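**Q** Structure below; questions to follow.
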Amino acid sequence: MTVKQPNNLPDWLQQPNQLTSQPQRHNFLAHNQQHLTHLLARLAQPAPAVNPTRWQLSPSISLIRLGILVLLIALTNNTIWLWVLGLLLAGHLLVLAPSQLRRFTRSWLLSTGIALVVVLPSYWLVGPATVLLFVCKTGLILASTQYYRLTTTFQDLLSGLKALHCPNLFIMTLAVAITYLRMLGHYLLQTMMALDMRLVAPAKHPYQLIGTLFGNLFLKSHAYALELYAAMEARGFNGQYVNQPTTTNRWHDYLTLTPYLVLVVVFIFGGIYGIN
Amino acid sequence: MALIELTDLSYDYPNTCGLDQLNLQLNAGEFICLMGPNGSGKSTLLRILSGLEPATHGTYAFDGQVITTDYLADPQDRQRLHQQIGLVFQNTDVQLFNTSVVDEVAFGPRQLGLSEAEITQRVEDCLALTHSTDLRDRVPYQLSGGEKKRVALASVLALNPKVLLLDEPLNGLTIAAQQQMLTLLKTLQAAGKTIIMASHNFKQVQAVEPRFVIFNADHQIQADLTAQELAKQPEQQAELLTL
Amino acid sequence: MHIPDNYLSPATCGTLVLAVAPVWTVAVIKVKAQIKQKRETLPMLGIAASLAFLIMMFNLPIPGGTTAHAVGGTLLAVLIGPWAAVLALTVTLLLQALLFGDGGILAFGANAFNMAVIMPMVGYACYRLGEKLHHPKIGLFVGAYLGINVAALVAGIELGLQPLLAHTASGAPLYCPYGLNVTVPAMLAAHLLVAGWVEAIFTVLVYQFVHKVAPTNLYQAAAPQSRRPWLYLLGGLAILSPLGLLASNTAWGEWSPAELKQRLVAEHISQQAPQGMVQGLHFKALFQDYTIGNLPISVGYILSAVTAVLIFLLLMRGLQHDSQTTK
Ligand SMILES: Nc1ncnc2c1ncn2[C@@H]1O[C@H](COP(=O)(O)OP(=O)(O)OP(=O)(O)O)[C@@H](O)[C@H]1O
Ligand SMILES: [Mg+2]
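Protein chains in written order, with the working numbering: chain A, 4 to 279; chain B, 16 to 258; chain C, 16 to 342.
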């Protein structure tokens with residue numbers, strides 16, 4: 004094998020670098036890398052946090068249930084109602100494994116706490132009763148949406164929307180968005196790492212770099228879109244997004260939904276007869 | 016004392032294992048080639064060596080300094096480390112983010128606060144060494160795969176790192192370009208740099224007689240041999256040829 | 016700027032979904048035309064949605080050591096076209112609401128209205144104006160700044176109207192407890208002073224990069240035969256307005272600009288008066304005009320919800336037909 008000798012190395016490359024260091028206050032890259040790593044770890048989780056073997060709801064029903072629950076909580080301002088709804092929700096929480104319940108409680112308390120901080124100043128405007136009611140309602144809504152997130156995978160969300168007859172174009176876009184969120188997120192993380200490697204001094208123009216980072220990300224998105232379209236066409240894409248049917252027990256579905264439907268009926272007629 | 020010392024080093028991804036209990040000592044001025052099946056952890060190891068992420072278990076010491084999570088969290092320490100270690104990524108797309116090749120190569124030296132004359136000098140030298148002088152005014156985004164590899168190496172070289180990490184730098188290059196790149200790396204090694212590269216091209220890499228660190232599919236080190244030792248083990252060679 | 020649940024009354028949420036529905040319809044029609052020109056626009060919708068997600072997630076450093084977020088509404092409009100941006104941002108917001116808990120589920124319509132419609136549209140309009148005056152970058156800068164601020168203003172108004180629109184008989188607000196005199200200044204101060212500049216600088220820098228590296232990847236506006244979309248939009252609104260009236264008659268007043276303005280003025284004056292009594296009385300007086308008929312308010316809500324669902328179903332049917340013809 005003939006190995007051609009390159010021209011001699013320049014002097015500066017033969018001597019070791021003199022290390023410099025400059026103080027730096029804020030490192031935006033490190034912070035965002037951490038943030039993105041968490042997101043990617045979350046997206047990589049294919050299975051739902053809860054594994055409902057016996058009591059599996061069809062995805063569309065759990066979506067409907069979420070909608071009804073949130074709407075009912077938002078509409079009412081009767082504490083008894085809120086109480087009943089809270090009980091119903093607490094019943095669902097029993098399904099969670101203890102560790103998941105702890106995790107749920109922690110993040111729920113945090114988000115409710117934030118809501119409390121936001122409304123607290125209004126105490127002087129409107130008095131304690133309103134603030135309390137507001138926090139209760141917000142807390143309940145947060146709990147129900149968080150329960151949904153904990154028990155639902157991306158795939159479930161898609162098939163739920165599909166079963167509710169969402170347009171195919173929309174489902175497909177959502178599916179693409181979820182898939183590519185991972186790919187683009189990974190790409191962005193790698194770009195940030197590469198930048199980190201060569202950012203050997205505090206950035207003088209961090210915004211310039213961020214502009215470059217996202218400009219690159221857009222170009223990558225564009226390249227992905229071209230590839231994806233070619234792949235779609237190659238596989239005979241016809242605008243239909245097909246997903247596998249889920250096998251669930253209809254009976255369970257209706258049984259779970261019944262209390263909610265009863266509540267809705269009571270709510271409507273209760274309004275007429277002045278119950279709430 | 017070895018330049019790089021790994022003791023019982025493991026790395027776990029959220030769902031899978033990346034590296035499992037590595038013990039390794041790499042000396043300054045060595046040429047090391049990491050080999051192993053796909054997904055065996057070569058890229059992961061290079062990422063840890065470059066100080067982008069801390070290991071999950073075990074210790075990594077660079078030049079006597081243990082690289083801990085706290086060490087990497089300190090921006091000043093992190094930047095000092097990055098001045099000594101350069102990394103060429105497996106996917107070079109992520110590495111080239113400037114609007115022209117010249118700017119790309121000048122990016123690192125500019126951070127160091129060198130004078131304009133020095134920066135120009137470094138840029139010209141690096142482009143010449145990587146045979147990419149004619150690309151100087153092109154947009155990196157529009158380069159071909161092989162051209163990108165060369166520019167990526169030039170841009171890392173411009174920082175004059177003590178240790179050069181390369182993740183599959185030969186991928187997508189023609190045989191002639193592979194030989195050019197390896198010769199350059201060998202010259203750099205002769206000038207005292209430490210070269211650590213991951214590669215699948217056993218045949219080409221053999222020519223520069225590196226030390227081979229071979230991974231197995233369980234993310235562990237299966238063998239650690241000099242080129243001379245490897246020459247005496249035909250079955251090991253046969254295995255490497257299949258990678 | 017993501018409004019969480021329980022800050023807006025369900026009625027407001029319903030109205031805003033009604034307001035966005037025709038825009039979505041037009042966006043779908045426009046994007047279909049765009050897909051015929053540039054096939055990759057179809058997958059680009061989803062990919063751009065994830066791009067927007069990442070933009071909204073990224074912490075941008077600001078002087079003083081804290082961070083801010085960009086939204087990227089205007090940027091997306093310029094990169095992939097305004098109508099595609101409307102759809103992509105809608106998908107982003109839906110993902111955030113359902114799977115990441117950013118922004119409410121009921122408030123989805125409101126968030127979509129602010130961030131997926133107003134922001135890209137205002138921003139893009141300014142950009143086009145700048146382009147006509149041969150200063151596209153200035154147009155873009157102004158557009159991004161104005162876009163996020165108008166969106167913030169609208170969000171502030173939506174929130175601040177809540178004490179007026181939904182309260183108990185004694186005047187205690189049921190949803191967002193702050194009036195316009197709090198929400199609008201709060202939203203505007205944050206965005207005029209910080210977030211707007213961050214957004215504008217970010218937008219221009221990304222645009223500049225793409226413009227330099229791959230100008231052909233930018234969205235090219237179609238030749239000026241494009242007065243059609245506005246006709247579609249007007250037509251859509253005209254068709255929808257009876258439905259809107261139906262819903263508004265039962266639940267709340269219609270929001271004509273004059274009335275809105277009147278209410279804004281009234282609210283402002285009342286809030287400046289120190290006693291809570293004045294406020295309460297004033298609320299009552301206003302409320303009389305706005306509950307029409309004897310229907311209980313909850314039935315009104317249900318009706319408006321059903322209306323929204325029906326519109327959604329109709330929208331879907333139109334889409335389904337077309338997605339089969341893309342074969
Ligand atoms: N970001 C990630 N998240 C989760 N797992 C990962 C990630 N990156 C790599 N892995 C896993 O870690 C293991 C080691 O991956 P690594 O990229 O280091 O392999 P490699 O030796 O470089 O392979 P190749 O030769 O294909 O480049 C693989 O099993 C891989 O699936
Ligand atoms: Mg690899």
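For every residue, glycine included, the Cβ atom is placed at its ideal position computed from N, Cα and C.
What you are looking at is a predicted structure, and each value in this text was computed from that prediction instead of being measured.
Tell me which residues share the same chain as T40 (chain A) and place their Cβ nearer than 8 Å to its Cβ, disregarding the 5 neighbours each side in the sequence.
**A** Locating residue 40 (chain A) in the first sequence gives position 37, where the first residue counts as 1. Same-chain partners within the cutoff: L192.
**Q** Do the region 241-250 of chain B and the region 19-26 of chain C meet, that is, are 3 or more Cβ pairs less than 8 Å apart?
**A** Result no; under three Cβ-Cβ pairs closer than 8 Å.
**Q** Residues bridged to H182 (chain C) by DSSP?
**A** Counted from its first residue, the third sequence places residue 182 (chain C) at position 167. Per DSSP, C:P188.
**Q** Could you give the DSSP three-state label for T22 (chain B): helix, strand or coil?
**A** The residue you call residue 22 (chain B) lines up with position 7 of the second sequence. DSSP places T22 (chain B) in strand when its eight states are reduced to three.
**Q** Counting only the same chain and skipping the five closest in sequence on each side, list residues whose C-beta sits under 7 Å from that of C28 (chain C).
**A** For the purposes of this step, residue 28 (chain C) is identified with residue 13 of the third sequence, where counting begins at 1. Cβ neighbours of C28 (chain C) beyond the five flanking positions: L121, A122, G124 and A125.
**Q** Any beta carbon of chain C sitting closer than 7 Å to that of V129 (chain A)?
**A** Along the first sequence, one-based indexing puts residue 129 (chain A) at 126. Taking Cβ atoms only, chain C reaches closer than 7 Å to V129 (chain A), which makes this a yes.
**Q** Between H34 (chain A) and chain C, is there a C-beta pair that is closer than 7 Å?
**A** The residue you call residue 34 (chain A) lines up with position 31 of the first sequence. Yes, its Cβ sits closer than 7 Å to a Cβ of chain C.
**Q** Helix, strand or coil for D199 (chain A)? Go by DSSP, reduced to three states.
**A** For the purposes of this step, residue 199 (chain A) is taken as residue 196 along the first sequence, with counting starting at 1. Of the three classes helix, strand and coil, the one that applies to D199 (chain A) here is helix, per DSSP.
**Q** If we ignore side chains and look at the alpha-carbon of each, how far apart do A201 (chain C) and S114 (chain A) end up?
**A** Here residue 201 (chain C) corresponds to residue number 186 of the third sequence, with the count starting at 1. Here residue 114 (chain A) corresponds to residue number 111 of the first sequence, with the count starting at 1. Between A201 (chain C) and S114 (chain A), the C-alpha separation is close to 21 Å.
**Q** Taking 6 Å as the cut-off, does the CB of Q105 (chain B) come closer than this to any heavy atom belonging to ligand 2?
**A** Here the question's residue 105 (chain B) lines up with position 90 in the second sequence. Yes.
**Q** Tell me the rounded alpha-carbon separation between Q17 (chain A) and T198 (chain B).
**A** In the first sequence, counting from the first residue as 1, residue 17 (chain A) sits at position 14. In the second sequence, counting from the first residue as 1, residue 198 (chain B) sits at position 183. About 16 Å.
**Q** Do we get a CB-CB distance below 7 Å when we pair A229 (chain C) with the residues of chain A?
**A** On the third sequence, position 214 is the one that residue 229 (chain C) refers to. With 7 Å as the cut-off, A229 (chain C) counts as an interface residue toward chain A.
**Q** Unbroken alpha helix (DSSP H) runs of length 4 or more, entirely within the region 123-154 of chain C: which are they?
**A** The region 123-154 of chain C contains these whole alpha helix (DSSP H) runs: 123-126 and 134-147.
**Q** Strictly below 8 Å CB to CB, what residues from chain C border H95 (chain A)?
**A** By one-based count along the first sequence, residue 95 (chain A) stands at place 92. Near H95 (chain A) there are no residues of chain C at all, since even the closest Cβ is about 17 Å away, more than 8 Å.
**Q** So, does the CB of N11 (chain A) fall closer than 7 Å to a CB anywhere in chain C?
**A** Here residue 11 (chain A) refers to the residue found at position 8 of the first sequence. Not closer than 7 Å to any Cβ of chain C, the Cβ of N11 (chain A) fails to qualify, so no.
**Q** What does V154 (chain B) touch in chain C if you count any residue whose Cβ is under 7 Å from its own?
**A** The residue given as residue 154 (chain B) occupies position 139 in the second sequence. What V154 (chain B) touches in chain C: V228.
**Q** Closer than 7 Å, CB to CB, is S24 (chain A) near chain B or not?
**A** The residue given as residue 24 (chain A) occupies position 21 in the first sequence. So yes, S24 (chain A) belongs to the interface.
**Q** For L172 (chain A), which option in C:A103, C:Y160 and C:G158 has the closest C-alpha, if you only look at C-alpha atoms?
**A** On the first sequence, position 169 is the one that residue 172 (chain A) refers to. Comparing Cα positions, the closest option is C:A103.
**Q** Quick one: using the 10 Å Cβ neighbour count with 16 as the cut-off for buried, is N53 (chain B) buried or exposed?
**A** Translated into the one-based positions of the second sequence, residue 53 (chain B) becomes position 38. The residue is exposed, with fewer than 16 neighbouring Cβ atoms inside 10 Å.
**Q** Is there a C-beta anywhere in chain C that falls below 7 Å from the one on P205 (chain A)?
**A** Taking the first sequence and counting its residues from 1, one reaches residue 205 (chain A) at position 202. It does not: the Cβ of P205 (chain A) has no partner Cβ on chain C nearer than 7 Å.
**Q** Considering only their Cβ atoms, is the gap separating L49 (chain B) from V228 (chain B) smaller than 7 Å?
**A** Translated into positions along the second sequence, residue 228 (chain B) becomes position 213. Translated into positions along the second sequence, residue 49 (chain B) becomes position 34. Yes, Cβ-Cβ distance for V228 (chain B) and L49 (chain B) is below 7 Å.
**Q** What's the C-alpha gap between A206 (chain B) and V154 (chain B)?
**A** If you number the second sequence from 1, residue 206 (chain B) lands on position 191. If you number the second sequence from 1, residue 154 (chain B) lands on position 139. Approximately 31 Å, taken between the alpha carbons.
**Q** Would the beta-carbon of I153 (chain C) fall within 7 Å of that of G145 (chain C)?
**A** If you number the third sequence from 1, residue 153 (chain C) lands on position 138. If you number the third sequence from 1, residue 145 (chain C) lands on position 130. The answer is yes: Cβ separation under 7 Å.
**Q** Which partner residues of V178 (chain B) appear in the DSSP bridge assignment?
**A** On the second sequence, residue 178 (chain B) is found 163 positions in, with the first residue counted as 1. DSSP, once it has assigned bridges, lists B:I100 and B:T209 as partnering V178 (chain B).
**Q** Since Q107 (chain B) meets chain C, which of its residues come closer than 9 Å, beta carbon to beta carbon?
**A** Reading the second sequence from its first residue, position 92 is the one you call residue 107 (chain B). This sequence places Thr at residue 107 (chain B); Gln is not what is there. Ordered by position in chain C, no residue passes the 9 Å Cβ test against T107 (chain B), which lies about 16 Å from the chain.
**Q** Starting from the N-terminal side, write out each stretch of the alpha helix (DSSP H) that is 4 residues or longer and does not extend beyond the region 253-277 of chain A.
**A** Whole alpha helix (DSSP H) segments, 4+ residues: 253-275.
**Q** Counting pairs of beta carbons, one from the region 81-97 of chain B and one from the region 50-70 of chain B, are three or more of them closer than 8 Å?
**A** With the cut-off at 8 Å, the region 81-97 of chain B and the region 50-70 of chain B touch.
**Q** To which residues does DSSP link P76 (chain C) through a beta bridge?
**A** The residue given as residue 76 (chain C) occupies position 61 in the third sequence. In the DSSP output, where bridge partners are listed per residue, P76 (chain C) has C:T82.
**Q** Using a beta-carbon distance cut-off of less than 8 Å, what residues from the region 210-235 of chain A approach chain C?
**A** Going along the region 210-235 of chain A in chain order, one finds Y210, Q211, I213, G214, T215, F217, G218, N219, L220, F221, L222, S224, H225, Y227, A228, L229, L231, Y232 and M235 with a Cβ nearer than 8 Å to chain C.
**Q** Using a beta-carbon distance below 7 Å, is T83 (chain B) in contact with chain C?
**A** By one-based count along the second sequence, residue 83 (chain B) stands at place 68. It does not: the Cβ of T83 (chain B) has no partner Cβ on chain C nearer than 7 Å.
**Q** Return the Cβ separation of L110 (chain C) and A180 (chain A) in integer angstroms, given the expectation that the two are a contact with Cβ distance under 8 Å.
**A** Looking up residue 110 (chain C) in the third sequence gives position 95. Looking up residue 180 (chain A) in the first sequence gives position 177. L110 (chain C) to A180 (chain A), Cβ: 6 Å. Contact.
**Q** Should K164 (chain B) be listed as close to ligand 2, given that the test is whether its C-beta is under 6 Å from any heavy atom?
**A** Along the second sequence, one-based indexing puts residue 164 (chain B) at 149. Checking the Cβ of K164 (chain B) against ligand 2 gives no.
**Q** The beta strand (DSSP E) with G73 (chain B) in it runs from where to where?
**A** The residue labelled residue 73 (chain B) in the question sits at position 58 within the second sequence. Where G73 (chain B) is concerned, the enclosing beta strand (DSSP E) stretches over H72 to F77.
**Q** For the alpha helix (DSSP H) containing I95 (chain C), name the first residue and the last one.
**A** Here residue 95 (chain C) refers to the residue found at position 80 when the third sequence is read from its first residue. Where I95 (chain C) is concerned, the enclosing alpha helix (DSSP H) stretches over G88 to I95.
**Q** Run through chain C and tell me which residues come within less than 8 Å of T114 (chain B), C-beta to C-beta.
**A** Translated into positions along the second sequence, residue 114 (chain B) becomes position 99. Here the neighbours are F224, K227 and V228.
**Q** Any Cβ of chain B within less than 7 Å of the Cβ of Y151 (chain A)?
**A** Start at 1 with the first residue of the first sequence, and residue 151 (chain A) comes out as number 148. Output row for Y151 (chain A): interface = no.
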